[in-house]
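> Pasting in a structure now, in structure tokens, and then I'll have a few things to ask.
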Amino acid sequence: MDICESFGTRCKTMKNNIFVFLFLAAILKTATNVTISCGCHVENCQEDAVEISMCSLLWRLYLAAVVADQKQSEITRGMDDDNKARQRHDHLGILGPRSLPEGASSEYSPNDYKQWAEVFQNIINPLIFYTNSKDFKLLVEKYREKFRNKTKIILITDRKEFWPFQISKEIQAVFQQPNIPKYYPNTVMPEYSASQHAKYAVLADAFKQNIFHTEFYAWLNVGYFGDATCEGENHYFRMNPPPEVDKTRLSINLVNQSLTKNVSFDSIYKEKYVWVGGGMLVATKDVFLKFERLYHRAVVYFLRRRLMNSDQQLIYGIYCDEGRRVFSPEVNLQLFWSSGFRKVWTRNTWFYLGYLCLEDI
């Protein structure tokens, strides 16, 4: 099990940030060293340097106020946030998120997501956006104007093209059972659960389209870097694969080290246990495709068991002792958490992997 960290950067500003209902997927690739100009030209190419190409998948669901992930306040309760940024020779100040205060609201308006998405106008990586919102499509086009040659926006006309939205009725039937605890929105809104599963289906679709030829891919929740700020409009971020990345595994944040692998499926789903965070995932194309097939198989299995929740419970279910016996997963996890030799600005492990990969340039 690897413990991976990197040196943090200076603090600029800060606001509460938790995982959100809309999602962003990022692609990481081994490529060239990039010097960004206003015209988005690639210059000063050197072999063996690393660039990240970003890919974004944004869903607008039925909600007037989009539901954020409530696990942040529960799992990180009592975590010691490191609000002191460590110095580095880099120029850019990145402010990491703080844990959600107990009792804080878990609902956000579309304007919150528009604000959080602004950071992608300063990230140089190629991006693919899937959205069923024409308004958001126009907004992303505006944000990515300098990087039009690195941006692909796909407007979805029918969400049922993706298998998770084809099983909403089955998910709803599970949630309507009297013995299922009501954790809003996880076990109340079938669309929320479907959207959690959809990140893997949409990533698979992006791989099939092969828009960007990359070695590594990453999934990011759209609000993940909502606190990252730039010192000027021409100051940019780049995402890199995490140090010591294992190409055979799926990289993910470990958010609760106290949980045991000797746990029942019922306990994971009905107690809403969270072992790893789904806010950011990193893997190669082949690993992600294998994992998507494994994940799909697990969703079908748990539906038959009359159990369902978010992707975080499902992943815990796959890799607990009982899950390994049932699924024999061919993809293993590389766990990252905020302790060890590489430091980022925060000890909040929910966001650790992302800020480990993020570089200011």
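The sequence shown begins at 1379 in the working numbering and counts up one residue at a time. For every residue, glycine included, the Cβ atom is placed at its ideal position computed from N, Cα and C. Quick caveat, the model's predicted, so the values are computed rather than measured.
Give me the residue from Y1562, V1652, D1664, N1634 with the minimum Cα distance to R1725.
The sequence position of residue 1725 within the sequence shown is 347, counting from 1. Nearest option by C-alpha distance: N1634.
> May I ask you to report which of helix, strand or coil DSSP gives K1650?
On the sequence shown, position 272 is the one that residue 1650 refers to. Coil, per DSSP.
> State the Cα-Cα distance for the pair M1686 and H1613, rounded to the nearest angstrom.
Counted from its first residue, the sequence shown places residue 1686 at position 308. Counted from its first residue, the sequence shown places residue 1613 at position 235. Taking the straight line joining both Cα atoms gives about 43 Å.
> Counting Cβ pairs closer than 8 Å, one from the segment 1578–1591 and one from the segment 1656–1675, do we hit at least three?
Output reads yes: the segment 1656–1675 touches the segment 1578–1591.
> Quick one: any contact between the segment 1489–1503 and the segment 1519–1534, if contact means 3 or more CB pairs under 8 Å?
Short answer: they touch.
> Could you have a look at T1727 and say whether DSSP puts it in helix, strand or coil?
Numbered from its first residue, the sequence shown carries residue 1727 at position 349. If DSSP states are grouped into helix, strand and coil, T1727 belongs with the helices.
> In angstroms, rounded to a whole number, what distance separates the CA positions of R1682 and F1525?
As a position in the sequence shown, residue 1682 is number 304, starting the count at 1. As a position in the sequence shown, residue 1525 is number 147, starting the count at 1. Roughly 45 Å between the two C-alpha positions.
> Which residues bound the alpha helix (DSSP H) around F1368?
An answer regarding residue 1368 cannot be provided, because it is not within the stretch 1379 to 1739 covered by the chain.
> Distance check for I1646 and S1546, CA to CA, integer angstroms please.
In the sequence shown, counting from the first residue as 1, residue 1546 sits at position 168. In the sequence shown, counting from the first residue as 1, residue 1646 sits at position 268. So the two alpha carbons sit approximately 21 Å from each other.
> Inspect the beta-carbon positions of T1662 and F1594 and report whether they are closer than 8 Å.
Position 284 of the sequence shown, counting from 1, holds the residue named residue 1662. Position 216 of the sequence shown, counting from 1, holds the residue named residue 1594. A contact, by the Cβ cut-off of 8 Å.
> When you compare each of F1705, Q1493, V1600, P1568 to G1657 by their alpha carbons, which one comes out closest?
Taking the first residue of the sequence shown as position 1, residue 1657 is located at position 279. Of the listed residues, the one whose Cα sits closest to G1657 is V1600.
> Count the other CB atoms within 10 Å of the CB of I1472; is the residue buried (16 or more) or exposed (fewer)?
As a working mapping, residue 1472 is identified with position 94 in the sequence shown. Caution applies to I1472, whose pLDDT of 21 falls short of 50 and renders its modelled position unreliable; the value that the coordinates give is listed next. Flag for I1472 reads buried.
> Could you tell me the alpha carbon to alpha carbon distance between Y1491 and L1736, rounded to whole angstroms?
In the sequence shown, the residue the question calls residue 1491 occupies position 113. In the sequence shown, the residue the question calls residue 1736 occupies position 358. The alpha-carbon atoms of Y1491 and L1736 are separated by roughly 20 Å.
> So, is E1708 buried or exposed, given that buried needs 16 or more other C-beta atoms within 10 angstroms?
For the purposes of this step, residue 1708 is taken as the residue at position 330 of the sequence shown. Its Cβ having fewer than 16 others within 10 Å, E1708 is exposed.
> Give me the Cα-Cα distance between Q1691 and L1713, rounded to the nearest whole angstrom.
As a working mapping, residue 1691 is identified with position 313 in the sequence shown. As a working mapping, residue 1713 is identified with position 335 in the sequence shown. Each residue's Cα considered, the two are about 16 Å apart.
> On the CB-based measure, 16 or more other CB atoms within 10 Å of its CB, does D1513 come out buried or exposed?
By one-based count along the sequence shown, residue 1513 stands at place 135. D1513 comes out exposed.
> Find out if the Cβ-Cβ distance for the pair T1565, L1533 is shorter than 8 Å.
Working through the sequence shown from its first residue, we reach residue 1565 at position 187. Working through the sequence shown from its first residue, we reach residue 1533 at position 155. No, they are not a contact pair.
> Does D1536 pass the burial test, meaning 16 or more other C-beta atoms within 10 Å, or should it be called exposed?
For this step, residue 1536 is matched to residue 158 along the sequence shown. Its Cβ having fewer than 16 others within 10 Å, D1536 is exposed.
> If P1568 and Q1550 are in contact, beta carbons under 8 Å, what's the gap, nearest whole angstrom?
Along the sequence shown, read from residue 1 onward, the residue named residue 1568 stands at position 190. Along the sequence shown, read from residue 1 onward, the residue named residue 1550 stands at position 172. Between Q1550 and P1568 the Cβ distance is about 4 Å, and since that is below 8 Å, they are a contact.
> I think L1628 touches L1711, with their Cβ atoms under 8 Å apart; what is that distance to the nearest whole Å?
Here the question's residue 1628 lines up with position 250 in the sequence shown. Here the question's residue 1711 lines up with position 333 in the sequence shown. That belief holds up - the Cβ atoms of L1628 and L1711 are roughly 5 Å apart, short of 8 Å.
> DSSP state of C1433, grouped into three classes?
Taking the first residue of the sequence shown as 1, we reach residue 1433 at position 55. Its pLDDT being 47, under 50, C1433 is placed unreliably by the model, and the measurement read from it follows with that caveat. The answer is coil: DSSP assigns C1433 none of H, G, I, E or B.
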